[in-house]
């Protein structure tokens, strides 16, 4: 026992070589540091709780002083706020720019591009009566504007030769329709506000058709990764011009507008149980100056949700007539959450069989909630579930 007692005492002496005063001092300092850390923790918790309450009270005061808002709860406010933010971000960040493969077909209401139009375009027109040829020369543009999100402009000019109905035909059909006879495009000039082009285009045109011709020149901004923006346009009505000799013109750019190039008879049917929508392309009415055997006509139907293309189908190719009959129905699967936000785009193309890269846009229409006149057809479809609703719509380009 004596051996074990002496061993314990020696170990105690080794472990605690300090006096009692030092031991109590260390213990007191430790307790003081613990109390200090506990106070800091309580202070931080108090700050966090007070800041959280102030944020909530600030948001409630904004609604409290609104004279038109009553009985607004915190939960309703946060739900509204986050929903609006998500919708805004989805429109801004969705990959809608990928729709350029429709040859600028899904051009979302040119109103979005109605920025301030400035600049002018110089061009010349000449009709060679001997060879029955119309010659259009794009010379230069001046003082072009830059689109809001871009620091530079890469301009080019798209030229369309439009043929319209005569006044007698217009009175009979009660519609002013145009047909795109020819379409050309100049080279684009990189980073220039006053580009020089010097590109010349020509086409065969009968002299009696000259009064029905409108030359439409669109100045566009080339975009490699998105659809080309439009900076303005100039129109020249050949009925009021003498172009037996080369006529050089300098015109200010105007806000672009669309031309009616035909009509399409569409049927819509929505089946909520199976979450499907049926789009029927029944008939297409359009003007054509080419012989019937030189081209074919077809329609492409795309479903777009928040500017993102979800589905696309196309009809079979038909020989165009004054009224081309298709009678084809395409089915798309759309959940209830998407049917309220989607748009249906019907784009009509023409092409010459056997020729590559001959596809040309001839007209387009967009259907969906909030699309002006087309909204009526959409509303009728939603009211008459499981029943096809047919309606004529105008095609524009």
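Residue numbers (this note's numbering): -11 to 385. We treat Cβ as the ideally placed atom computed from N, Cα and C, and that holds for glycine.
Who are the near neighbours of residue i in its chain, counting only those whose CB is closer than 7 Å to its CB and skipping five residues on each side?
i           : result
residue 371 : none
residue 238 : 108, 110
residue 340 : 282, 283, 346
residue 117 : 195, 232
residue 104 : 133
residue 176 : 142, 143, 144, 210
residue 288 : 300, 302, 335, 337
At the level of alpha carbons, what is the spacing between residue i and residue j?
i           : j           : result
residue 396 : residue 252 : Only positions -11 to 385 of the chain appear in this structure, which leaves residue 396 out of reach.
residue 336 : residue 291 : 15 Å
residue 231 : residue 195 : 11 Å
residue 53  : residue 180 : Note that residue 53 scores 41 on pLDDT, short of 50, meaning its location in the model is unreliable; the coordinates nonetheless yield the value given after this. Between residue 53 and residue 180, the C-alpha separation is close to 52 Å.
residue 199 : residue 205 : 18 Å
residue 375 : residue 197 : 45 Å
residue 324 : residue 113 : 54 Å
residue 274 : residue 228 : 26 Å
residue 314 : residue 236 : 45 Å
residue 90  : residue 226 : A caution first: residue 90 carries a pLDDT of 39, below 50, which makes its placement in the model too unreliable to give a value.
residue 6   : residue 32  : 38 Å
residue 306 : residue 172 : 25 Å
residue 126 : residue 186 : 6 Å
residue 8   : residue 24  : 25 Å
residue 321 : residue 385 : 28 Å
residue 34  : residue 22  : 19 Å
residue 312 : residue 332 : 21 Å
Can you tell me where the alpha helix (DSSP H) with residue i in it begins and where it stops?
i           : result
residue 324 : 324 to 327
What residue from the options has the CA that sits closest to residue i's CA?
i           : options            : result
residue 326 : 294, 13, 282, 165  : 294
residue 377 : 363, 174, 383      : 363
residue 244 : 106, 31, 349       : 106
residue 242 : 220, 334, 318      : 220
residue 234 : 169, 122, 210, 209 : 122
residue 129 : 207, 286, 322, 22  : 207
residue 309 : 330, 124, 285, 343 : 285
residue 174 : 153, 222, 318, 143 : 143
residue 353 : 30, 254, 329, 259  : 254
How far does the beta strand (DSSP E) with residue i in it extend, from its first residue to its last?
i           : result
residue 315 : 311 to 321
residue 351 : 348 to 356
residue 236 : 235 to 240
residue 127 : 121 to 130
residue 332 : 330 to 339
residue 257 : 248 to 259
residue 188 : 184 to 192
residue 173 : 166 to 173
residue 144 : 143 to 152
residue 209 : 201 to 209
residue 402 : The structure shown has nothing for residue 402, since the chain only spans -11 to 385.
residue 413 : Outside the displayed span of the chain (-11 to 385) sits residue 413, for which this structure offers no information.
residue 114 : 108 to 116
residue 140 : Residue 140 -> no beta strand (DSSP E), and no H or E assigned at all.
residue 302 : 296 to 302
residue 378 : 377 to 384
residue 267 : 264 to 274
In its own chain, which residues sit with a C-beta less than 6 Å from the C-beta of residue i, not counting the 5 before and 5 after it?
i           : result
residue 316 : 269, 303
residue 134 : 141
residue 368 : 377
residue 68  : Confidence in residue 68 is poor, its pLDDT being 40 and thus under 50, which makes the residue's placement too unreliable to answer from.
residue 348 : 338
Among residues of its own chain, excluding the 5 on either side of residue i, which ones have a beta-carbon nearer than 8 Å to its beta-carbon?
i           : result
residue 250 : 165, 272, 273, 274, 275, 336, 350, 351, 382, 383
residue 131 : 106, 107, 108, 181, 182
residue 330 : 291, 292, 293, 298, 322, 356
Original post:
Three or more beta-carbon pairs under 8 Å between the segment 256 to 274 and the segment 143 to 150, yes or no?
Top reply: no
Subject >> Three or more C-beta pairs below 8 Å linking the segment 187 to 201 and the segment 295 to 310 >> reply: no
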